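Step one of this worksheet: look at the structure below.
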Amino acid sequence: MRLAIILILIINSFIGRAQSIEATYELGNLLYSEGNFSAAEDVLRRVLYFDKNEEYGAKVNLIYANSLYHSGKFSEANYYYDLAYFSASDASKVDILLQKTSCYLLLQNYSYARIELFNLPESLNEDQDKMKVFYTAMLEFAEGNFPESEDAFKQIASDTTRVDVLFDKNTKIDKLKPKTAKILSIIVPGLGQIYAGDWKAGINSLVLTGGLFYLGLNSGIKNSFLDAAISVLPWFQRYYMGGFKKAELIAKAKILERRHEVFNELLEVVEK
11 MRLAIILILI
21 INSFIGRAQS
31 IEATYELGNL
41 LYSEGNFSAA
51 EDVLRRVLYF
61 DKNEEYGAKV
71 NLIYANSLYH
81 SGKFSEANYY
91 YDLAYFSASD
101 ASKVDILLQK
111 TSCYLLLQNY
121 SYARIELFNL
131 PESLNEDQDK
141 MKVFYTAMLE
151 FAEGNFPESE
161 DAFKQIASDT
171 TRVDVLFDKN
181 TKIDKLKPKT
191 AKILSIIVPG
201 LGQIYAGDWK
211 AGINSLVLTG
221 GLFYLGLNSG
231 IKNSFLDAAI
241 SVLPWFQRYY
251 MGGFKKAELI
261 AKAKILERRH
271 EVFNELLEVV
281 EK
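Here the working numbering runs 10 ahead of the position in the sequence shown, where the first position is 1.
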């Protein structure tokens with residue numbers, strides 16, 4: 011039955027220009043309603059392209075933007091959300107602003123996400139207000155404003171005790187200092203990596219630089235320290251300096267990884 015409807019719409023698309031655009035629009039709308047966003051995107055794009063009199067833009071822009079959003083094309087989706095905004099009702103405008111906020115958050119364009127949240131009216135329905143608070147919680151967390159983020163998450167979470175626990179866990183992440191990891195690896199190669207929680211990298215660095223140090227010392231005693239400096243020192247310097255620089259990077263990566271874990275756990279609390 012579904013296939014028959016699609017075939018009829020495709021056939022009708024060849025009958026007259028106005029009817030062609032209308033049939034194409036109906037097909038795109040059908041695909042969108044069925045959740046086939048990629049196919050809907052292609053069909054609706056044709057509607058916008060052939061709509062020379064701009065008769066369909068007002069009703070196509072929003073579902074086209076939503077199709078792009080579901081396809082992960084957030085920048086392009088925002089462009090069409092802007093177009094849809096100017097022809098939308100006041101109630102729909104709020105939903106469009108929230109969708110734009112979501113796009114900017116996913117694009118990690120936090121300053122624009124904040125602007126969209128600021129543009130929201132004070133009067134919102136329950137679902138819109140909850141979504142605004144949710145996006146605010148995400149935004150504040152992403153920008154490192156953890157007290158503000160915690161307050162926002164508590165407004166929408168059923169288990170505020172769990173939110174407290176997770177933000178305590180998040181605070182402990184600050185104890186890991188990238189500069190400390192670097193200094194420790196300057197003092198003892200590999201120690202900074204171990205401090206950051208990467209034992210494998212730490213042991214590898216310690217063994218490698220320790221081995222080169224022993225090789226250079228042994229070569230200097232048996233031959234000459236000048237020969238050792240020429241043959242071994244460049245390699246030792248390379249791995250020694252690379253080791254403490256890597257220790258700092260590992261610490262930064264660990265911080266991001268742990269923050270990401272906390273954030274995902276917060277999302278799970280909100281979804282319950």
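From the three backbone atoms N, C-alpha and C, an ideal C-beta is built for every residue, glycine too. Model, not experiment: these values are computed from the prediction.
When we look at the beta-carbon of Glu82 and count the other beta-carbons within 10 Å, is it buried (16 or more) or exposed?
At residue 82 the sequence reads Gly, which differs from the Glu that was named. Exposed.
Should Gly154 be labelled buried (16 or more other beta-carbon atoms within 10 Å of its own) or exposed?
Looking at its Cβ environment, which holds fewer than 16 other Cβ atoms inside 10 Å, Gly154 is exposed.
Going along the chain, which unbroken runs of the alpha helix (DSSP H) with 4 or more residues stay wholly within the region 98-143?
Complete alpha helix (DSSP H) runs here, min 4: 100-116, 120-129.
Go through its chain and collect everything with a Cβ distance to Phe273's Cβ below 7 Å, but skip five positions before and after it.
Closer than 7 Å at Cβ, skipping near neighbours: Phe151.
Using a Cβ distance threshold of 8 Å, determine whether the region 69-76 contacts the region 85-97, with at least three qualifying pairs required.
Flag = yes, the region 69-76 and the region 85-97 touch.
Can you have a look at Ala87 and say buried or exposed, based on whether 16 or more other CB atoms are within 10 angstroms of its CB?
Buried, by the Cβ-count rule.
Can you give me the C-alpha to C-alpha distance between Lys286 and Pro188, rounded to a whole angstrom?
With the chain represented from 11 up to 282, any question about residue 286 goes unanswered, as that position is not in the structure.
Looking at C-beta atoms only, is the number of pairs between the region 171-179 and the region 133-142 that lie closer than 8 Å three or more?
The answer is no - the region 133-142 does not touch the region 171-179, with fewer than three Cβ pairs under 8 Å.
Could you tell me which of Gly200, Pro199, Glu160, Ser168 sits nearest to Thr181, measuring between CA atoms?
Comparing Cα positions, the closest option is Glu160.
What would DSSP say about Asn46, mapped onto helix, strand or coil?
If DSSP states are grouped into helix, strand and coil, Asn46 belongs with coil.
If you drop the 5 nearest sequence neighbours on each side, which residues of the same chain put their C-beta closer than 6 Å to that of Arg268?
Cβ within range, chain order: Ile183.
Going by C-alpha distance, which of His80, Asp105, Lys103, Ser97 is nearest Leu116?
Comparing Cα positions, the closest option is His80.
Quick one: measure Cβ to Cβ for Val198 and Gln165, integer angstroms, because I've assumed they're closer than 8 Å.
Contact flag wrong, Cβ pair sits at about 47 Å.
Nearest-angstrom Cα distance between Ala28 and Arg56?
Reliability of the predicted coordinates at Ala28 is poor, the pLDDT of 47 falling under 50, and no value is obtained from them.
Given Lys264, which residues of its chain have a CB within under 7 Å of its CB, disregarding the five upstream and five downstream residues?
The answer, listed in chain order, is Leu186, Ala206, Gly207.
Going straight from the alpha carbon of Asn214 to that of Ile204, what length do you get?
Each residue's Cα considered, the two are about 10 Å apart.
Using a Cβ-Cβ cutoff of less than 6 Å, which residues in the same chain neighbour Glu126 once the five nearest sequence positions on both sides are dropped?
So the list reads Leu107, Lys110, Thr111, once near-sequence residues are dropped.
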